[in-house]
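Trainee:
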Amino acid sequence: MDLSSPIHTNIVLVGGGHAHLAVIKNFGMRPEPGVRLTVISKEVFTAYSGMMPGLVAGHYDFTDAHIDLGPLCNFAKARLFHDEVINIDLERKFVICRNRPNVKFDLLSIDCGAIASQTSVFDAGQVIPVKPISEFNTQWEKAKRTFQDLSSPPIISIVGGGPAGIELAMSIKHRLSIDKVENKFPHTAVSIKILTSGPEILSSYPRNAQKRCRKILASAGIEVLTNWRVTEVKNKQLENDTGGKITVDEIIWATGSEAPGWLKTSGLPTSERGFIQINHHLRVIGTETVFAAGDVADMEFSPRPKSGVFAVRQGRVLAQNIRRLCRGRKLIRFQPQRSVLSLITMGDKYVVGNKGPLTLSGKWLWYLKTYIDESFVKKFTVFPEMKNDTIVESKGEGSQQLNLMRCGGCGSKINSQVLHNALNNLGISEAPEVIIGLSSPDDAAIIELPKHTVMVQTVDGFRTFIDDPYILGQVTACHALSDIYAMGAVAQTALALATVPLAAVHLMQEELTQMMTGALSVLTKDGVTLVGGHSSEGPEASLGFAINGYCDKEKIIRKQGAKESDVLILSKPIGTGVILAAQMQGKARSDFLHTALNIMVQSNQQASEIFLRNGVNAMTDVTGFGLAGHLLEMIEKSSLQATLRWKKIPLLPGAEALFEQGLSSSLQSDNFLATEKIFTRDRSHKSIQLNLLVDPQTSGGLLAAVPSNKAKQCLNELLKSGYTASMIGEFSVCTGSFPIILD
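For the sequence shown, the working numbering begins at 1 and goes up steadily by one.
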């Protein structure tokens, strides 16, 4: 972060909807000095609604039809918090999340989409709702797998006769026909029924569009039941308001939209349908600093159906008005289009188009739709190289209070009120052995050690590698604790060293709270007490911990000590180094990144206990030197060599592919020197595989030498405890000049 433009305004975007995509891209193209974007989204991939029927039909794959918020936010230098919003505190200006501390906002925008309507009709798991759209494809793919076990062709009902219901009916019919040809679908046919509560499908469309779609549905063998209002769904049986019943194998709910339930208690003004009321400026009525767009908002001045085409148009105006509000300028009006071009995909690359009274159809419209859709996705997945120039001085609240001539030394400490408030937010509880700690702070902490033990100490930390202080706190705590666990010791207390970038007071407090709450979630779970630390301002966020632990003097586990015929077990997969390197360059897919982060925040405490129970002879944690580097430390100055079984080494998804793209950590070239001590028996092993062996790991797993008669039991215990562990090799007497053999 550039201290020449310290942050004074935090814009929080709730949801990654189509309008917010435009806001993020806009601020990436033209950064606003002193302004930071924080995106909070339950999903890190935004499904582009226009391409979802094509995805279901098999014309697109997942990446074609989704926009990855990770690289987009990276381009805009926006923080991306992967979490679910459950409420908003308008008075205190907090966004309340399910799994992290409250997020402070100065300016808020909501574009989190809608959910399926009439949810009271069915219980969870009874149907597959089309909305939220980001979850539909996963549930549908899971449902398709159940068709394999049916003795007769499946019956699928689609509740809703609007464009979504028709597109899905035709797309499903087409996809299952292709699957049958490719022997992926065991049945000769499928029965699809569209149930609509009205007298006709496409109730808001002209008669000629209805007739054309009816004809296509009939030719595909899809049955349409009109005036069929579903009143109850139970055990895959639908009942209507006249007592009619239909039993099916799968139900897709493609009715209208409802607002998310938390809006009812948010204090935001809502319409009769529960959606947020907005004015011509897309600002929430009765507020000064809250905007809303997309399906979650209702324009009372100009009612429109819930459709992505309107959200796309809102994005440009929303971005301008957020920027204008930051600068204290007059907002501009949003003028919704009077009529829109509706393109309904009919399975096999055939489209029915409608605008106003005009209805057209044909394959040529598919190519028009494809061009429109792919152009939209490309805008948010391909980014230009940007100069780091600032354009205009913002006038946000607090911008005049930040003195850029900051002191060093003790003058760089975070002010006492910020520190006090952040610590109070943590709710720290202390263990009985802590005589003096944060509950009654003094110049230093005093801790009592159990009798007949020795003290074990370590220190570790990171500069920020991800724009999420909560995750930074979790990963750093896990990483720092691992050295204690690698020695078979018990972690007891922690001292923190935190650096927070200069910003407005409330933003520095929030940053420190997020960071330390993340760390505390790990420390508390592992029974470790935070007893103190030091905080300061700096050019970027960083966090470190000095960990104190204890161990029976006779039971210390060292790196060296492996015995001939010991089995080598690794408790976590490798690949975090290249994934984090790709993340810093905006080239890491969010699903790969979040899988890696989930591994990084997994504590090694339980793994250490399992290894100790199974008689481990030597143990270390895999961190900066990579798997091979730390394995060399285990056999250094010994008469042993280690044989690694490449196919047994667990890898994080995406790690190999990123190396193939030429990406790597900045430490990679230094680590690669260790490969000179590796002999590869299989000539097919590529340099990429050698690179993975020396890929520097962040919060990696434990690497342990376990007696062969205990190895299988040890591995089973690790797997049952949730570790992605594997027996990756064994030790033997060294018979050559290479300490590591790659087999």
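By construction, the Cβ of each residue, glycine as well, lies at the ideal position given by its N, Cα and C atoms. Model, not experiment: these values are computed from the prediction.
Going by DSSP in three states, Tyr485 sits in which element: helix, strand or coil?
Mentor: If DSSP states are grouped into helix, strand and coil, Tyr485 belongs with the helices.
Trainee: Starting from Thr270, follow its DSSP beta bridges and name the residues at the other end.
Mentor: BP columns for Thr270 point to Ile276.
Trainee: Which residue marks the beginning of the beta strand (DSSP E) containing Ile728, and which one marks its end?
Mentor: Where Ile728 is concerned, the enclosing beta strand (DSSP E) stretches over Ser726 to Val733.
Trainee: Near Arg175, which residues of its chain fall below 7 Å by C-beta distance, leaving aside the five closest residues on each side in sequence?
Mentor: Cβ within range, chain order: Val56, Ala57 and Gly58.
Trainee: Identify every residue that forms a DSSP beta bridge with Leu108.
Mentor: Answer by DSSP bridge pairing, in chain order: Val12 and Val290.
Trainee: Quick one: complete alpha helix (DSSP H) runs, 4+ long, within the stretch 541-626?
Mentor: Here the runs fully enclosed are 576-584, 590-600 and 605-613.
Trainee: Is Ala78 closer than 8 Å to Leu108 when the C-beta atoms are compared?
Mentor: Contact flag unset, no.
Trainee: By a C-beta neighbour count over all protein chains shown, 10 Å radius and 16 as the cutoff for buried, is Glu676 buried or exposed?
Mentor: Glu676 should be labelled exposed.
Trainee: So what does DSSP say about Ser536, is it helix, strand or coil?
Mentor: Three-state result, Ser536: strand.
Trainee: Return helix, strand or coil for Ala477, following the three-state DSSP convention.
Mentor: Helix, per DSSP.
Trainee: Bridge partners for Val500 per DSSP, in chain order?
Mentor: Its beta-bridge partners are Glu537.
Trainee: Whose CA, out of Met619, Lys378 and Pro653, lies closest to the CA of Lys555?
Mentor: Selected option, being the one with the closest Cα: Met619.
Trainee: In terms of residue numbering, what span does the alpha helix (DSSP H) encompassing Ser375 cover?
Mentor: Start and end: Lys363 to Lys379.
Trainee: Take Ser117 and list the residues in its own chain whose beta-carbon comes closer than 7 Å to its own, dropping the five residues that flank it on each side.
Mentor: Around Ser117: Thr255, Gly256, Ser257 and Glu258.
Trainee: Count the CB pairs spanning the stretch 707-719 and the stretch 559-578 that are closer than 8 Å, and state whether there are at least three.
Mentor: Cβ pair count under 8 Å is three or more, so yes.
Trainee: How far does the alpha helix (DSSP H) with Arg214 in it extend, from its first residue to its last?
Mentor: Unbroken alpha helix (DSSP H) run through Arg214: Arg207 to Ser219.
Trainee: Which class does Val352 belong to by DSSP, given the choice of helix, strand or coil?
Mentor: In this structure, Val352 counts as strand in the three-state DSSP scheme.
Trainee: Do you know how far the Cα of Ser608 is from the Cα of Gly615?
Mentor: Rounded to the nearest angstrom, the two C-alpha atoms are 11 Å apart.
Trainee: For Val528, which residues of its own chain have a beta-carbon under 6 Å away from its beta-carbon, when the five flanking residues on both sides are left out?
Mentor: Hits under 6 Å: Ala491 and Ala494.
Trainee: Relative to the alpha-carbon of Asp348, which residue among Ile128, Val317, Leu217 and Glu537 has its alpha-carbon at the smallest distance?
Mentor: That would be Leu217, whose Cα lies nearest to the Cα of Asp348.
Trainee: Looking at the secondary structure, which residues open and close the beta strand (DSSP E) in which Trp253 lies?
Mentor: Looking at the DSSP string, the run of the beta strand (DSSP E) that includes Trp253 is Glu250 to Trp253.
Trainee: Under a Cβ-count criterion, where at least 16 other Cβ atoms within 10 Å of its own Cβ denotes burial, should Val694 be classed as buried or exposed?
Mentor: Val694 should be labelled buried.
Trainee: In angstroms, rounded to a whole number, what distance separates the CA positions of His590 and Glu564?
Mentor: Correcting the residue type first, residue 590 is Ser in the shown sequence and not His. C-alpha separation (whole angstroms): 42 Å.
Trainee: Where Glu510 and Gly70 are concerned, what is the direct C-alpha to C-alpha distance, given to the nearest angstrom?
Mentor: Between Glu510 and Gly70, the C-alpha separation is close to 22 Å.
Trainee: CB Val284 to CB Val290, shorter than 8 Å?
Mentor: The answer is yes: Cβ separation under 8 Å.
Trainee: Would you grab the beta carbon distance between Thr770 and Arg212 for me? Rounded to a whole angstrom, and I think it's under 8 Å.
Mentor: Outside the displayed range of the chain (1 to 743) lies residue 770, so it cannot be described from this structure.
Trainee: Tell me the residue span of the beta strand (DSSP E) that contains Lys193.
Mentor: Segment Ser191 to Leu195, the beta strand (DSSP E) holding Lys193.
Trainee: Counting along the chain, where does the beta strand (DSSP E) carrying Thr46 start and finish?
Mentor: Segment Phe45 to Ala47, the beta strand (DSSP E) holding Thr46.
Trainee: Helix, strand or coil, according to DSSP, for Glu385 in the structure here?
Mentor: Glu385: coil per DSSP, three-state reduction.
Trainee: If we ignore side chains and look at the alpha-carbon of each, how far apart do Pro357 and Ile372 end up?
Mentor: Looking at the two C-alpha atoms, the distance is approximately 22 Å.
Trainee: What's the gap between the Cα of Val233 and the Cα of Arg313?
Mentor: Between Val233 and Arg313, the C-alpha separation is close to 37 Å.
Trainee: Going by the beta-carbon positions, is the gap between Ser638 and Gln560 smaller than 8 Å?
Mentor: Yes, the Cβ-Cβ distance between Ser638 and Gln560 is below 8 Å.
Trainee: Within 10 angstroms of its Cβ, does Trp364 collect 16 or more other Cβ (buried), or is it exposed?
Mentor: Classification of Trp364: exposed, given that the 10 Å Cβ count is below 16.
Trainee: To test your reading of the DSSP string, which unbroken alpha helix (DSSP H) runs of 4 or more residues are found completely within the stretch 652-688?
Mentor: Counting whole runs of 4 or more residues, the stretch 652-688 contains the alpha helix (DSSP H) stretches 655-660 and 668-671.
Trainee: Check this for me: beta carbons of Val12 and Ile40, under 8 Å apart or not?
Mentor: A contact, by the Cβ cut-off of 8 Å.
Trainee: Can you name the start and end residues of the alpha helix (DSSP H) that Ala19 belongs to?
Mentor: His18 to Met29 is the span of the alpha helix (DSSP H), which, as asked, contains Ala19.
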